[in-house]
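Colleague: In the numbering used here, the protein residues as written are 3 to 336.
Even for Gly, the Cβ is constructed at its ideal location relative to N, Cα and C.
See below:
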């Protein structure tokens, strides 16, 4: 897989140009409807030129005083301009998608330029999250429907005093707390355990959307594809280890369907290395979901992995009827 970052950079350049052009068109209309703004802008420019001319005369004893008066007039005009803008709810600045980098893809601080999280996420989406993009865009907390879960508790069946609805509400609150405290290094990772169709993937997607909106990067992939990719890049490609690096450094890594991958000692070793390394880097967080029961996980994976899950993950159980099947049945009955 080739990483054509240059293409993404060109997309950013075009996106920024489009935003500036649209803003220029909007400004022309605004100035046409508010001629007082044009007059103020002209006066500000004229006063600025006059102040520059004053600064060119080093022997003028009253230079500082004159310049101060000119800047005072400029400030007064800017206040008038701001009042007109606020009163009419006008927007004179370009509307960029990312307010942090203004759609340049990079942030400059202290003379150093670093890639903005929005561009990092764009690259991740292009190369890793392709199969999950539709789900990520659709599955949000606003679409979280608790009514699909039963109000009837069944301790014998689910090994819990809570009803499926009470339980999913509890998991939802845990998820929201995870998002709220995402940047807190003491915040634990999350392990979602439960049968298929009980909301694990949906809740993971909800979290992903919220974390991305807060300016963090998210890599979302199933365990089989993730582990196969590690082997491909680490042992076959040789030269391109970008995916391998991103797995360790992305702000939030979501590993879906743990337990469906082909098992081998080598893959277990890579999985442990990934989980353990991300634990040692408290700025990164991980969510793992599995259809296996806790007993099945304990039998499938070695003690090193299980001990990390017990010590560094909040374990959320999911149970109830298959929501996806229920949605299909409901749609067919309409």
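(1) How many Å lie between residue 154 and residue 147 at the Cα?
(2) Per DSSP, which one or two residues make a beta bridge with residue 223?
(3) Check residue 293 in the structure and name its three-state DSSP category.
(4) Assuming contact is defined by CB atoms lying nearer than 8 angstroms, are residue 21 and residue 98 in contact in what I supplied?
(5) Ends of the alpha helix (DSSP H) at residue 111?
(6) Using only alpha-carbon positions, find the residue among 295, 70, 216 that is nearest to residue 54.
(7) Just the Cα atoms here: how many angstroms apart are residue 222 and residue 92?
(8) Taking the alpha-carbon of residue 198 as reference, which of 117, 86, 258, 303 has the nearest alpha-carbon?
(9) Report the partner residues of residue 320 according to the DSSP bridge assignment.
(10) Mind pulling the alpha helix (DSSP H) runs of 4 or more residues that sit fully within the segment 7–58?
(11) Rounded to whole angstroms, what's the CA-CA distance from residue 213 to residue 184? Just pull it up for me.
(12) According to DSSP, is residue 315 helix, strand or coil?
(13) Would a C-beta distance cut-off of 8 angstroms place residue 252 and residue 224 closer than the cut-off?
(14) Please report the residue range of the alpha helix (DSSP H) in which residue 269 lies.
(15) Alpha carbon to alpha carbon, what distance is there between residue 204 and residue 263?
(16) Report the residue from 123, 128, 210 whose alpha carbon sits nearest the alpha carbon of residue 107.
(17) Can you list, in chain order, the residues of its chain whose CB lies under 6 angstroms from that of residue 250, leaving out five sequence neighbours each side?
(18) Assign residue 289 to buried or exposed, taking buried as 16 or more other Cβ atoms, counted over all protein chains shown, within 10 Å of its Cβ.
(19) Figure out for me which residue from 319, 102, 281, 274 has the closest Cα to the Cα of residue 291.
(20) Please name the residue or residues paired with residue 115 in a DSSP beta bridge.
(21) Just reading off the alpha helix (DSSP H) that residue 71 is part of, what are its end residues?
(22) Nearest to residue 236 by alpha carbon, out of 36, 189, 246?
(23) Using C-beta distances below 7 angstroms, list every residue in its chain close to residue 117, excluding the 5 sequence neighbours before and after it, in chain order.
(24) Using DSSP bridges, identify the partner residues of residue 191.
(25) Determine the direct distance from the alpha carbon of residue 175 to that of residue 227, and round the result to whole angstroms.
(26) Just confirm the distance between the C-beta atoms of residue 162 and residue 321, as a whole number of angstroms; I'd bet it's less than 8 angstroms.
(27) How should residue 166 be labelled, buried or exposed, when 16 other C-beta atoms within 10 angstroms of its C-beta is the threshold for buried?
(28) Would DSSP call residue 210 helix, strand or coil?
(29) Per DSSP, what kind of secondary structure is residue 288 in: helix, strand or coil?
(30) Given a threshold of 16 other Cβ atoms within 10 Å of its Cβ, counted over all protein chains shown, does residue 256 qualify as buried or as exposed?
(31) Work out the CA separation of residue 120 and residue 293 for me, nearest whole Å.
Modeller: To lay it out plainly:
(1) If you number the chain shown from 1, residue 154 lands on position 152. If you number the chain shown from 1, residue 147 lands on position 145. Rounded to the nearest angstrom, the two C-alpha atoms are 17 angstroms apart.
(2) In the chain shown, counting from the first residue as 1, residue 223 sits at position 221. In the DSSP output, where bridge partners are listed per residue, residue 223 has 257.
(3) In the chain shown, residue 293 corresponds to position 291, counting from 1. Residue 293 sits in coil when the DSSP states are folded into three classes, being neither helix nor strand.
(4) The sequence position of residue 21 within the chain shown is 19, counting from 1. The sequence position of residue 98 within the chain shown is 96, counting from 1. Contact: yes.
(5) The residue you call residue 111 lines up with position 109 of the chain shown. Looking at the DSSP string, residue 111 is not in any alpha helix (DSSP H); the run it does join, the beta strand (DSSP E), is 108–111.
(6) Translated into the one-based positions of the chain shown, residue 54 becomes position 52. Considering only alpha carbons, the answer is 70.
(7) Within the chain shown, numbered from 1, the residue matching residue 222 stands at position 220. Within the chain shown, numbered from 1, the residue matching residue 92 stands at position 90. Those two C-alpha atoms are separated by around 39 angstroms.
(8) Stepping through the chain shown from its first residue, residue 198 is reached at position 196. In terms of CA proximity to residue 198, 258 leads the group 117, 86, 258, 303.
(9) Indexing the chain shown from 1 puts residue 320 at position 318. For residue 320, which the question treats as bridged, DSSP gives the partners 196.
(10) Along the length of the segment 7–58, whole alpha helix (DSSP H) runs at least 4 residues long occupy 7–35, 37–57, reported in chain order.
(11) Numbered from its first residue, the chain shown carries residue 213 at position 211. Numbered from its first residue, the chain shown carries residue 184 at position 182. Spanning the two alpha carbons is a distance of roughly 8 angstroms.
(12) Within the chain shown, residue 315 is the residue found at index 313, counting from 1. Residue 315 falls in the strand class under three-state DSSP.
(13) If you number the chain shown from 1, residue 252 lands on position 250. If you number the chain shown from 1, residue 224 lands on position 222. Result no, Cβ atoms of residue 252 and residue 224 do not sit closer than 8 angstroms.
(14) The residue given as residue 269 occupies position 267 in the chain shown. Looking at the DSSP string, the run of the alpha helix (DSSP H) that includes residue 269 is 267–282.
(15) Residue 263 sits at position 261 when you count from the first residue of the chain shown. Residue 204 sits at position 202 when you count from the first residue of the chain shown. Put simply, the backbone Cα of residue 263 is about 20 angstroms away from that of residue 204.
(16) Translated into the one-based positions of the chain shown, residue 107 becomes position 105. Selected option, being the one with the closest Cα: 123.
(17) Position 248 of the chain shown holds residue 250. 279.
(18) Counted from its first residue, the chain shown places residue 289 at position 287. Residue environment: residue 289 is assigned as buried (16 or more neighbouring CB atoms within 10 Å of its CB, all protein chains considered).
(19) By 1-based counting over the chain shown, the position of residue 291 is 289. The candidate whose alpha carbon is nearest that of residue 291 is 319.
(20) By one-based count along the chain shown, residue 115 stands at place 113. Answer is 110.
(21) For this step, residue 71 is matched to residue 69 along the chain shown. Taken as a continuous stretch (DSSP letters only), the alpha helix (DSSP H) holding residue 71 covers 65–89.
(22) The residue labelled residue 236 in the question sits at position 234 within the chain shown. Residue nearest to residue 236 within the set 36, 189, 246 is 246 (criterion: CA-CA distance).
(23) Here the question's residue 117 lines up with position 115 in the chain shown. In the same chain as residue 117, and ignoring 5 residues on each side of it, the C-beta atoms closer than 7 angstroms to its own belong to 107, 108, in chain order.
(24) Here residue 191 refers to the residue found at position 189 when the chain shown is read from its first residue. Residue 191 is bridged by DSSP to 315.
(25) Along the chain shown, read from residue 1 onward, the residue named residue 227 stands at position 225. Along the chain shown, read from residue 1 onward, the residue named residue 175 stands at position 173. In a straight line, the C-alpha of residue 227 is about 30 angstroms away from that of residue 175.
(26) Translated into positions along the chain shown, residue 162 becomes position 160. Translated into positions along the chain shown, residue 321 becomes position 319. About 7 angstroms separates the two Cβ atoms, so the contact holds.
(27) Reading the chain shown from its first residue, position 164 is the one you call residue 166. By the neighbour-count rule (16 or more Cβ atoms within 10 Å), residue 166 is buried.
(28) On the chain shown, residue 210 is found 208 positions in, with the first residue counted as 1. Residue state, collapsed to three classes: helix.
(29) For the purposes of this step, residue 288 is taken as residue 286 along the chain shown, with counting starting at 1. DSSP, read as helix, strand or coil, puts residue 288 in strand.
(30) Position 254 of the chain shown, counted from the first residue, corresponds to residue 256. Result: buried.
(31) On the chain shown, position 291 is the one that residue 293 refers to. On the chain shown, position 118 is the one that residue 120 refers to. Between residue 293 and residue 120, the C-alpha separation is close to 32 angstroms.
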